[in-house]
Structures are given as structure tokens and as C-alpha cells.
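This report refers to the structure that appears directly beneath it.
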Amino acid sequence: MSLRPTVDFLLHDWLKVESLQSRDRFADHSRETFDAVLDTCERIAREKYAPFNRLVDTQEPHFDGEKVILPQATHDAYKAYAESGMLSAAQDYEVGGMQLPYTVEAAANAFFAMASVSIGSGMLTSGNANLLMVHGTDLQKQVFAANEFNGRFSGTMCLSEPQAGSSLSDVTTRATPDGEGFEADALGARYRLKGNKMWISSGEHELSENIIHLVLAKIPDANGQLVPGVKGISLFIVPKKLVGTDGQLTGERNDVALAGLNHKCGWRGTTNTLLNFGEGKYPVRGEAGGGLDGAGSGGGLDGTGSGAIGYLVGKPGEGLRCMFHMMNEARIGVGMAATMLGMAGYYASLDYAKNRPQGRPSGAGGKDASQPQVRIIEHADIKRMLLAQKAYSEGALALALYSARLVDEQHTGTAEDADVARLLLEVLTPIVKSFPSEWCLEANSLAIQIHGGYGYTRDFPVEQYWRDNRLNMIHEGTHGIQAMDLLGRKVLMENGRGLQLLAERMLATAAKAEANWGPEAAALRDALQQIGQATQQAWAGAEPAQALANAVPYLQAFGHTVIAWIWLDVAASLGKDNAPAAQGRQAACRYFFRYELPKIGAWLNVVSSRDPTCADLPEEAF
Numbered sequence: 354m355s356l357r358p359t360v361d362f363l364l365h366d367w368l369k370v371e372s373l374q375s376r377d378r379f380a381d382h383s384r385e386t387f388d389a390v391l392d393t394c395e396r397i398a399r400e401k402y403a404p405f406n407r408l409v410d411t412q413e414p415h416f417d418g419e420k421v422i423l424p425q426a427t428h429d430a431y432k433a434y435a436e437s438g439m440l441s442a443a444q445d446y447e448v449g450g451m452q453l454p455y456t457v458e459a460a461a462n463a464f465f466a467m468a469s470v471s472i473g474s475g476m477l478t479s480g481n482a483n484l485l486m487v488h489g490t491d492l493q494k495q496v497f498a499a500n501e502f503n504g505r506f507s508g509t510m511c512l513s514e515p516q517a518g519s520s521l522s523d524v525t526t527r528a529t530p531d532g533e534g535f536e537a538d539a540l541g542a543r544y545r546l547k548g549n550k551m552w553i554s555s556g557e558h559e560l561s562e563n564i565i566h567l568v569l570a571k572i573p574d575a576n577g578q579l580v581p582g583v584k585g586i587s588l589f590i591v592p593k594k595l596v597g598t599d600g601q602l603t604g605e606r607n608d609v610a611l612a613g614l615n616h617k618c619g620w621r622g623t624t625n626t627l628l629n630f631g632e633g634k635y636p637v638r639g640e641a642g643g644g645l646d647g648a649g650s651g652g653g654l655d656g657t658g659s660g661a662i663g664y665l666v667g668k669p670g671e672g673l674r675c676m677f678h679m680m681n682e683a684r685i686g687v688g689m690a691a692t693m694l695g696m697a698g699y700y701a702s703l704d705y706a707k708n709r710p711q712g713r714p715s716g717a718g719g720k721d722a723s724q725p726q727v728r729i730i731e732h733a734d735i736k737r738m739l740l741a742q743k744a745y746s747e748g749a750l751a752l753a754l755y756s757a758r759l760v761d762e763q764h765t766g767t768a769e770d771a772d773v774a775r776l777l778l779e780v781l782t783p784i785v786k787s788f789p790s791e792w793c794l795e796a797n798s799l800a801i802q803i804h805g806g807y808g809y810t811r812d813f814p815v816e817q818y819w820r821d822n823r824l825n826m827i828h829e830g831t832h833g834i835q836a837m838d839l840l841g842r843k844v845l846m847e848n849g850r851g852l853q854l855l856a857e858r859m860l861a862t863a864a865k866a867e868a869n870w871g872p873e874a875a876a877l878r879d880a881l882q883q884i885g886q887a888t889q890q891a892w893a894g895a896e897p898a899q900a901l902a903n904a905v906p907y908l909q910a911f912g913h914t915v916i917a918w919i920w921l922d923v924a925a926s927l928g929k930d931n932a933p934a935a936q937g938r939q940a941a942c943r944y945f946f947r948y949e950l951p952k953i954g955a956w957l958n959v960v961s962s963r964d965p966t967c968a969d970l971p972e973e974a975f
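Per our numbering, the very first residue in the sequence shown carries number 354; after that it's consecutive.
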């Protein structure tokens, strides 16, 4: 089964992406140019990614003592992706981009995520470069971002540390000014970094000429102490290999060393690393100094090249604000990855169900063993599991593309529309990341169930899809982090305006759908009312710890309400269309409202009552 008809429907029939052509930025584009991009990406995914998905799972990255070894297929896929121009698809023509709408870019990248999420398609590299285009200096954009966009360099984000995990306030990596004149370096104020970073995807490999690490670190105060909390965090460009102002490698290795490869349950084709910064394995620019020309004085913290060289991005102490540009982009990317793994499992189990004979239908007299077996798709429970997968995965894809459309609105809409899009994205981003991470994982579990015992074997791909997807609930902020962000910040910001704007859009959909989807429209209004009441009751006179104790059930209920809204909007857009694809989407909408949306009552009950069952249990009782 092909993904393309679904993508075409969501882009053109539902989101009306061609309407963006009326804006100056996208004036050169048309349905034909959008389709050409989708065609190219679909072909590359089919030829360079899909055939090697199992290969990169079984031939994990390994370190030979000098370099990380990856299968040749990964090198070929990276090269093909870079040459496609997709790393800079949404960027200006002046920097080699295509000025594509982000909506089209997101849709095009879906093909790669479905073909082999484990190989990867440059999400971190694009995100790294995009951050620098917003927060970097002109020279940082020219030297680092431009070479990431063209595929010469690749990028990472280095946030977590072994002792801190998701708690960024506990970051201990230090960044100290690199001698006299450190502020005058052309590439940015130059610092020496020391510390360890964990869970760094694509942190070491030979796919590109250089790896550009974006590293969160703290600058010590006058007493040599690190500022507690997140306000003391700054952001630095730390290249694996040092680069001159012309963008060419200097021939010097920076003091960034691989400490170990993490061997994962899934996503095995992508390296995941522990990196040591500035621990002396590759001493760099010692007595000669730290400047580009080696003529600076000081030469590092101790005159011997101690510490990895890093260049400040933005202002000191504003590193987390800068990094959120990449983090939010990555959260949408992780959500899309989870979505497409769900879609991949759905298509695989649908094909299996259509071709696997097993069992016989029951009649008035029971089952007739003399009759031939039927295909398992004829069994009601198999249809239930297939429909659940479709509802989760296609609903999540619609939400991801809707959110991408908001990004375009934020960047190219009127001032008022851009502000509305900004707030809607703030509220929806935790859902875009979390819903597919949880429920498309459940879709993968159902795909295994449909395969029966075969689903548990490596003879079929669905077990790998599940393993690859299990990481996404942790990637870019755990479920708990997303939940606290939603209930503790996003629905409250600007006096709840973002939540109000989202509610207005949901009510508009309910009104539009009333004629043909009356019960569903009523159910959506009721769900929205429950969300509003639970939000108020969670915070009514409560301390933050009390209000947030059941943040995850709140996130689950909020996500289900959002997906119900998305499905109702999709269903309403179908009108009188009765083609098989339309029937499938109508059924998915009905399924979600009848089987899934009713779950929110139980979730919101513990939120509204601030149920203390979990929070108050002493550890001795476990």
C-alpha cells in the first residue's frame, strides 16, 4: 500500500496547501513543484532507505578504535538525501534553499521516516542549522549552517548529561573564556568546554566531513561557581574538527572524544553516543594560542590546549532560549517519526491480513470445518485492530501536517495570523510529540498482534517497527516532561489565550460538522468542556506539585481530544465523497469517537480531583 495518496489528500484536499502560493515567499511554487519534491523523496526513500531497513538494524554501528563503522547503505542514503536539497528545503534561495513551505517539507520527509527511521534523514542537521540561522552571527551562518545545509557538515544537539538526564538545570559542563581576547574571535566569543554529554544521536560517524555539536554549558561566575538552574546555561558551537573563517577544515581535531556507543532497543542504524568534551584526548591549540591563526595569547585554560574549543551562540545565559528553537523542531520531527513507524506497521499488518487465511466464519450452527479458511481481515477483531492503527497513525499524520501548516503561517502570515499560529503551536507541540509516541507505538503492538506468532519474529518487519518506536516516548523530552510542559506552562501562558484559540478552532469544526456528524460534534464539545473544567480544577488553589501530580493523564486526555478534533475536521471535509478511501476515513473518525474519546473521562477524573494515590505513596510501600 502506498503512502502517497494519503499525503496528497491531507496536503491538497484537506489543508489546501496550494493556497500558500499566493504569498511572496512561495510565489515560484505550484502543485507541480510540490509534487516533484514529493516524487523525488518518495523515490529516494524507496531505493536508498526501505531495502536496507533490516540491514541497519542487524549491522549496528561499531567503533574500531579509530572511527565508527556504519554500513555502506547508510553512507549512500545520506549522500542521496543531501544531494536532494532537502536539508535546506525551506530555506531562502540565497543560502541554497528551495523556499518550500514547511508543510511540504514535512510531508516529503515522511517518506524517509516510514522507509527507515533508523537510517535517519538529517532532522538534527537541519534543526542545528535552522537554529544558527535565527540565533547565530552572520559568519556562523556562513561557516557552519551553510555547510550543514549542503551536506558537507552534519549536526547534533548536546543537552543531556549522565548525571542529569532530562533535568537541564543540573547541567555541569563548564565553558571558560579562552584566554585574552576570547571575545574577538571571528567565529564568536571563544570558550573552552569541559564535560560529558549523553544520548547524543549521530554524535560520531564518518558520513560527513565534520560534525557540528550544539552544546549547552554553564559559564562560571567570578568565583568559579556555576550558576544554579537553567538561567545560567549558554549555547556553544563545538565542531569535531576546527574550521577557518572560509569554512574549510584547518586540519586540527577538536577535543571531542567518543566515550562509548549506546546499544539500543531500536533506532540501531543511528549512532547514539556518550561524548567527552575537553578531557584531553585531543589537546588542541596549546601554547600557540586559541585564535584562528594560532597567534592568540593564553593558549587554553592551562596553556596546553585544555578544553574543547567552542563558540558562543547568542548571549551568555540565553542558551536554553536559543536551544528551544531546535528542541521544538525536533519534537515535531520525533512525532513525525513515531507517526510514520505507526503507518509502516499499519500497512504491513493490512497486507498480512489480506493474504493470511486462518479460521472460518461462524454461522447459525457454529463453524463449518468443511468450508475453506477465510482471510483474517474478514474477522471483526482484526478489523478493529486495523481501524485502531489507522485512526492513531493517520490522525497523527494529519495533526503533524496541520502543525507544519501553522509554522508556515507563523513565518509568512499577517502579524495577527502569525501570532495566533505561534500560540497554537505552543499548545500543540507537546501533543504532536507525545500522542504518536504513545499511540502509534500501540499501533505497532496491534500490528504484531495481527501477525500472531510471526509478528514476534524477525521474518516480518513489525517487531522492528515496535522497537524503533519505543524510543520516541523518551526522545526530546519524556512523556512526563511533555505533560508538565502542557499543564504547567502551555495552557496557562498569556492567561490561557493559546488554549482559548484552540478551543475556538475546535468549536468551529463542530459547527461545520453538525449537519452530517451531529453526535460527534456534540461529543467534541463535551470533551472540550471537560478539558476546560479539569484545567481549572487542577490549579484551583493548588500548589504546583499537587496540580501536576497527574499531568500525564491530562496530556493523554488533551491529546485524544485534539485527535478527535482533527478526525472530525477531516471527516467534515469529505462532504458526500463515498470512494473507498473516504469510507475508510469516515470509519476511522467514527472509531475514534466511539472507542477512544470516551477514555478521557477516567483520565480527567484524577486530574480534576488532584488524586494523590501516586504522589503520596511512600517509597517503602512499593
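The beta-carbon is built from N, C-alpha and C at its ideal position, and this holds for glycine as well. Computed from a predicted structure; not experimentally measured.
Sub-8 Å separation of residue i and residue j beta-carbons
i    : j    : result
S961 : Q899 : no
G541 : Q493 : yes
D574 : V568 : no
C967 : R820 : no
Q347 : S787 : Absent from the model: residue 347. The displayed extent of the chain is 354 to 975, so no value can be given.
M467 : A697 : yes
A463 : M826 : no
L627 : F416 : no
K550 : T526 : yes
S746 : L665 : no
M837 : L901 : yes
Per-residue DSSP class, three states only, for residue i
i    : result
N825 : helix
E605 : strand
L569 : strand
N903 : coil
M551 : strand
I916 : helix
Y664 : strand
I685 : helix
R376 : coil
L645 : The pLDDT assigned to L645 is 44, lower than 50, so where the model puts this residue is not dependable; a value taken from the coordinates is nonetheless given after this. Coil at L645, not helix or strand.
R638 : coil
F788 : helix
K584 : helix
S715 : strand
E973 : helix
L364 : helix
A610 : strand
V960 : helix
L776 : helix
K720 : strand
I472 : coil
With 16 other Cβ atoms within 10 Å as the buried cut-off, status of residue i
i    : result
T888 : buried
D646 : With a pLDDT of 42 at D646, under the threshold of 50, the predicted position of this residue should be treated as unreliable, and no value is reported.
P592 : buried
A443 : buried
A535 : Looking at the sequence shown, residue 535 is not Ala but Phe. Buried.
S372 : exposed
H913 : buried
T598 : exposed
V487 : exposed
Y431 : buried
G660 : buried
N318 : Residue 318 lies beyond the stretch modelled for the chain, which goes from 354 to 975, so this question has no answer here.
F677 : exposed
F945 : buried
S479 : buried
N822 : buried
L970 : exposed
G829 : The residue you asked about is not Gly; residue 829 is Glu in the sequence shown. Buried is the call here.
E896 : exposed
M733 : Checking the sequence shown, residue 733 turns out to be Ala, not Met. So A733 counts as exposed.
T456 : buried
Cutoff 8 Å: residue i Cβ touching any chain C Cβ
i    : result
Y455 : Included in the structure is just one protein chain, with no chain C present.
- So, do the segment 366-383 and the segment 749-764 have three or more beta carbon pairs nearer to each other than 8 Å? Pairwise C-beta distances place the segment 366-383 in contact with the segment 749-764, as three or more of them are shorter than 8 Å.
Ignoring anything shorter than 4 residues or poking outside the segment 498-531, list the alpha helix (DSSP H) runs there in chain order. 499-502
Taking three-plus beta-carbon pairs below 8 Å as touching, is the segment 496-503 in contact with the segment 777-792? no
**Prompt:** Are the segment 620-629 and the segment 547-565 touching by the rule of at least three beta carbon pairs closer than 8 Å?
**Reply:** yes
- Does the segment 556-565 come within contact of the segment 515-523, defined as at least 3 CB pairs closer than 8 Å? no
When the Cβ atoms of the segment 919-928 are set against those of the segment 861-871, are three or more pairs found closer than 8 Å? yes
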